[in-house]
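Reviewing the structure listed below.
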Amino acid sequence: MPDEAALEHKILNECPRMSRNDSFTFRCAPDLDCFTQCCRDVTIILTPYDVIRLKHALRVDSSELLERYTLAPRAEGQKFPVVILKMEGEKQSCPFLTEKGCSVYNDRPWACRMYPLGVAEPKNPTPNDSSFHFVMREDVCHGHGEGKEISVRDWLANQGIEEYEAMGVAFRDLTLHDFWEGDKELSPAQWDMFYMACYDLDRFRRFVFETKFLEKFEVDEARVEAIRTDDEDLLEFAMQWLRFSIFQERSMRIRRNAA
Ligand code: SF4
Ligand code: SF4
């Protein structure tokens, strides 16, 4: 069984399912002998909102951030582009790891905030099959059973997950879309479009403002001003555009003269 399928099987069949009211006992602090071990040789998948937070924290544009700190591996059968942090050096450390810990702590990615919690979300939840949280137990992490009991709800609140969840809704809907069912594949141009719109937002902004894009699509003036300067608005717009251009939904209006 491939690793991914084995992990999914383990989560669905062996991990206790936790609601937001359930608790676990965990502590993460510099005095633990495992401090920062979880930031080495690990696959951290970045969400589009993670990229926004990191590029603001590092004061670089999205293209530079992606080029310097990430990889976009492509496995056989993969449906859409995924971006991961590029581990570095002999110890395969996260590029943001320092001796004192995480150098981008206030803007660390969703996956780093969640750990050791995971979340499983069925595509079409039912009362008998709804989303749940679970605790990941890995040998490298010695924080389990240490410190105080904390509810899932409080953990998520303390880690600032709410904002990430709110900003992740449109991307989640995109990745769970029916379009991906079956054996449809993105063309190379669509693959790049998806990558640009989800992760390389500054390039997407140039695409909107430095081509005939706004001559083709009707976008009201307030929205144009918002996406010119605000990355979160631009990301929402990018998701809308992907639904139009890849899923062929009527999520954008074409100008009459352009049509
Ligand atoms: S971003 Fe920070 S918390 Fe996440 S793996 Fe890197 S150093 Fe660790
Ligand atoms: S391995 Fe676990 S306890 Fe240790 S620093 Fe990482 S998350 Fe915290």
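Everything in the sequence shown is counted per our numbering, starting at 5 for the first residue and increasing by one.
In this text, a Cβ means the ideal position worked out from N, Cα and C, and glycines have one as well.
Hey, is residue i close to ligand 1, as in C-beta under 6 Å from one of its heavy atoms?
i: Phe39; result: no
i: Leu121; result: no
i: Arg112; result: yes
i: Phe100; result: yes
i: Cys202; result: no
i: Cys19; result: no
Return the first residue and the last residue of the alpha helix (DSSP H) that residue i is part of.
i: Leu70; result: 66-73
i: Ala115; result: 114-118
i: Val228; result: 225-233
i: Val173; result: 165-179
i: Leu58; result: 52-62
Would you mind working out which of the options sits nearest residue i, comparing C-alpha positions?
i: Glu125; options: Phe211, Gly105, Thr179; result: Thr179
i: Gln114; options: Arg210, Asp35, Asp234, Ile48; result: First, the amino acid is wrong: residue 114 is Trp here, not Gln. If we check each option's Cα against that of Trp114, Ile48 comes out closest.
i: Cys116; options: Gly93, Gln82, Leu160, Phe84; result: Leu160
i: Arg176; options: Val223, Asp204, Lys220, Leu246; result: Leu246
i: Glu222; options: Pro77, Thr215, Arg259, Thr233; result: Arg259
i: Asn25; options: Arg157, Phe198, Gly172, Phe39; result: Arg157
i: Lys95; options: Arg44, Asp196, Lys127, Leu75; result: Arg44
Residue i lies in the beta strand (DSSP E); which residues open and close that run?
i: Glu253; result: Neither: Glu253 is in no beta strand (DSSP E) and is coded neither H nor E.
i: Ile88; result: 87-89
i: Glu153; result: 148-155
i: Ala124; result: 121-124
i: Phe136; result: 136-139
May I ask whether a heavy atom of ligand 2 can be found less than 6 Å away from the beta carbon of residue i?
i: Gly319; result: Nothing can be reported for residue 319: it is not among the residues displayed for the chain, which extend from 5 to 263.
i: Cys42; result: yes
i: Cys145; result: yes
i: Cys32; result: yes
i: Leu36; result: yes
I'd like the list of long-range same chain contacts for residue i, defined as Cβ closer than 6 Å, with 5 residues on each side in sequence excluded.
i: Lys59; result: Ser66, Leu69
i: Ala242; result: Ala201, Phe208
i: Gly149; result: Thr29
i: Ala61; result: Val108, Asp111
i: Phe84; result: Phe198
Could you pull out every residue in the same chain whose Cβ sits closer than 7 Å to the Cβ of residue i, ignoring the five residues on either side in sequence?
i: Asp206; result: Asp65, Ser66, Ser67
Take the Cβ of residue i as the centre, count every other Cβ of all protein chains shown within 10 Å, and call the residue buried at 16 or more, exposed below.
i: Phe251; result: exposed
i: Val228; result: exposed
i: Pro6; result: Only weak support exists for where Pro6 lies, its pLDDT of 48 falling under 50; the value from the coordinates is given anyway. Looking at its Cβ environment, which holds fewer than 16 other Cβ atoms inside 10 Å, Pro6 is exposed.
i: His137; result: buried
i: Ala170; result: exposed
i: Pro52; result: buried
i: Arg72; result: exposed
For chain B, find out if any of its Cβ atoms is closer than 7 Å to the Cβ of residue i; answer yes or no.
i: Ile154; result: No chain B appears in this structure, which consists of one protein chain only.
Quick one: residues in its chain with C-beta nearer than 8 Å to the C-beta of residue i, no 5 flanking neighbours on either side, listed in chain order?
i: Glu166; result: Leu160
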